[in-house]
Structures are given as C-alpha cells and as structure tokens.
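Sequence order for the protein chains is A and B.
The numbering used here numbers the first residue of the first sequence as 10 and each following residue consecutively.
The numbering used here numbers the first residue of the second sequence as 49 and each following residue consecutively.
Where a beta carbon is used, it is the ideal one built from N, C-alpha and C, also for glycine.
As the structure is a prediction and not an experimental result, all values here were calculated from the model.
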Amino acid sequence: DGGITQSPKYLFRKEGQNVTLSCEQNLNHDAMYWYRQDPGQGLRLIYYSQIVNDFQKGDIAEGYSVSREKKESFPLTVTSAQKNPTAFYLCASSTGQAKIKEAFFGQGTRLTVV
Amino acid sequence: QQQVKQSPQSLIVQKGGISIINCAYENTAFDYFPWYQQFPGKGPALLIAIRPDVSEKKEGRFTISFNKSAKQFSLHIMDSQPGDSATYFCAASSWTGNQFYFGTGTSLTVIP
Numbered sequence: 010d011g012g013i014t015q016s017p018k019y020l021f022r023k024e025g026q027n028v029t030l031s032c033e034q035n036l037n038h039d040a041m042y043w044y045r046q047d048p049g050q051g052l053r054l055i056y057y058s059q060i061v062n063d064f065q066k067g068d069i070a071e072g073y074s075v076s077r078e079k080k081e082s083f084p085l086t087v088t089s090a091q092k093n094p095t096a097f098y099l100c101a102s103s104t105g106q107a108k109i110k111e112a113f114f115g116q117g118t119r120l121t122v123v
Numbered sequence: 049q050q051q052v053k054q055s056p057q058s059l060i061v062q063k064g065g066i067s068i069i070n071c072a073y074e075n076t077a078f079d080y081f082p083w084y085q086q087f088p089g090k091g092p093a094l095l096i097a098i099r100p101d102v103s104e105k106k107e108g109r110f111t112i113s114f115n116k117s118a119k120q121f122s123l124h125i126m127d128s129q130p131g132d133s134a135t136y137f138c139a140a141s142s143w144t145g146n147q148f149y150f151g152t153g154t155s156l157t158v159i160p
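Next up, the structure:
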C-alpha cells in the first residue's frame, strides 16, 4: 500500500540527548514536511523540502535539523537545543504540483522527554 | 502570525444536528482550501477540499462553503454522528508555494 510511514510511534528522550524521527514515503512525492502538534496550537511547520538535497525552515525550526538525501526519506532530528521537545510530530508529503495539492500525513510520533 | 484563523476551538453537537466550523484567511494568493479530520493518536486525513472557482463543494454529509470576497470558508457536517467526533483542521495553500497553513483546530464532540 502507498503511504507515509513514521517510526517509532512513541519515543522517549533524556535531557540533553539528540533523537531522530524517521519518515518514509512510497508515494513518489517531491515535497515533504514536518509539523509539530501541541494541544490548542494546531499544526506548526518545522521544516519542509520541495526536492532532494534542498529544504527550508518553517516557523519553528530552532532546535531541529533535517536531511533529504533520498526522495523517499525525510528524517527529523530533535537536538538538545530544543528546550521543550515533548509533542506529537507529524510528517506529510505532497506531489508539489500546483494542480494536485493534497497532503498525506503519517500516523505521527509522540516524543516525551523523561 | 496565524495565516488561517479557525473557530470555534471546540464544538458539542447532538446526534443528527449540523456542525459548522469556520475559517478565515488574509492572503489572496491562497487557491486551495482543504479540511482535515484527525482522530486521537492518528495523523490528519484529508476530508474534503475546495478551490476558489466554486462557492460550494459537497461530498456526502460534508460540505465546504466558500466566500471569496469575505475570504472565509466553512465546513458543514450534516446529520452529525458520534463517529464524527474528532479534531478538524482547515488549511490553505497558494499556487506559487508548497506550504500548507493550518488553522488551530476544532474539537468536535457529537453526543448520542
């Protein structure tokens, strides 16, 4: 089945530790996105990539890093510089074409700092 | 700055009633307006979407009404069911960009 796979579903991080969230898609989409979801704040854009080897900061990029070495993969690293990382993280992808705009989401990763 | 403003934050509706969620935007470059439905612990899924060349789009019990001059659009859920209880997000995207701007979400509870 085509879709977006995020792993792990739950992740626990100790203070001062970097962790990486995985996002893989087999939809042949050019554009990929990372969002952070907190209660009452909706979805806030962390990073997005429109093409391999290129990505842009979103509204809340501080403390996060990404790479886009393959079209299918867009991993997100939550660094120790992110002071409040506990949240639900969502990865999404879209074709990137103006006429076909639908964004597909993964099932999310819940990150908790312990 | 919130590009898309959504209201209400929460909504309680009786089974069989009509649920209405409203969104407003300022950027006239937006040309695609989707609504997403999200159940707890899951990722959002596209429910219905509209482009500004039409004023209304209906899919089953779900209807988007779009007012281009007022820069507002709304989701109507007819004959609301307990299974519709979820969080709903409106969003907007422009012809020239690939970013999606989301509203803050509406938590809908349909009471049996």
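For residue i, which residues in the same chain have their Cβ closer than 8 angstroms to its Cβ, ignoring the five residues on either side in sequence?
| i | result |
| --- | --- |
| valine 102 (chain B) | Phe114 |
| leucine 20 (chain A) | Val28, Leu30, Thr118, Arg119, Leu120, Thr121 |
| glutamine 147 (chain B) | Ser141 |
Looking at the secondary structure, which residues open and close the beta strand (DSSP E) in which residue i lies?
| i | result |
| --- | --- |
| isoleucine 159 (chain B) | 154-159 |
| lysine 105 (chain B) | 104-107 |
| phenylalanine 78 (chain B) | 78-86 |
| valine 61 (chain B) | 58-62 |
| valine 28 (chain A) | 28-34 |
| lysine 23 (chain A) | Counting along the chain, lysine 23 (chain A) falls outside any beta strand (DSSP E), and DSSP gives it neither H nor E. |
| glutamine 15 (chain A) | 13-16 |
Which same chain residues end up closer than 7 angstroms to residue i when comparing Cβ atoms and leaving out the 5 residues on each side of it in sequence?
| i | result |
| --- | --- |
| glutamine 129 (chain B) | Lys63, Val158 |
| alanine 96 (chain A) | Arg45, Gln46, Asp47, Leu120 |
| threonine 14 (chain A) | Glu33, Gly115 |
| lysine 66 (chain A) | Tyr56 |
| aspartate 68 (chain A) | Arg53, Leu54 |
| lysine 119 (chain B) | Ala72, Tyr73, Glu74 |
| proline 100 (chain B) | Asp79, Phe114, Lys116 |
| proline 82 (chain B) | Leu94, Ala97, Ala139 |
| leucine 99 (chain A) | Tyr44, Gln46, Leu52, Phe114, Gly115, Gly117 |
Bridge partners of residue i, per DSSP?
| i | result |
| --- | --- |
| glutamine 147 (chain B) | Partner(s): none; glutamine 147 (chain B) has no beta bridge. |
| leucine 95 (chain B) | For leucine 95 (chain B), which the question treats as bridged, DSSP gives no partner whatsoever. |
| histidine 124 (chain B) | B:Ile68, B:Thr111 |
| alanine 101 (chain A) | A:Tyr42, A:Phe114 |
| alanine 118 (chain B) | According to DSSP, which records beta bridges pairwise, alanine 118 (chain B) is partnered with nothing at all. |
| glycine 51 (chain A) | A:Asp47 |
| serine 55 (chain B) | B:Asn70 |
| glutamine 129 (chain B) | None, per the DSSP bridge assignment. |
| valine 122 (chain A) | A:Arg22 |
Spatial neighbours of residue i within its chain, please: CB distance less than 6 angstroms, with the 5 preceding and 5 following residues excluded, ordered by chain position.
| i | result |
| --- | --- |
| serine 16 (chain A) | Ser31 |
| alanine 112 (chain A) | Ala101, Ser103 |
| glycine 65 (chain B) | Ser128 |
| valine 61 (chain A) | Arg77, Lys80 |
| valine 61 (chain B) | Ser67, Ser128, Val158 |
| methionine 41 (chain A) | Ser58, Phe83, Ser102 |
| glycine 105 (chain A) | Asp39, Ala40, Gln59 |
| isoleucine 69 (chain B) | Leu123, Tyr136, Thr154 |
| threonine 152 (chain B) | Gln54 |
Which complete beta strand (DSSP E) runs does the segment 55-96 of chain A hold, if anything under 3 residues is left out? 63-66, 73-75, 85-87
At a cut of 8 angstroms, does the segment 51-62 of chain B reach the segment 76-90 of chain A through at least three beta carbon pairs? With the cut-off at 8 angstroms, the segment 51-62 of chain B and the segment 76-90 of chain A do not touch.
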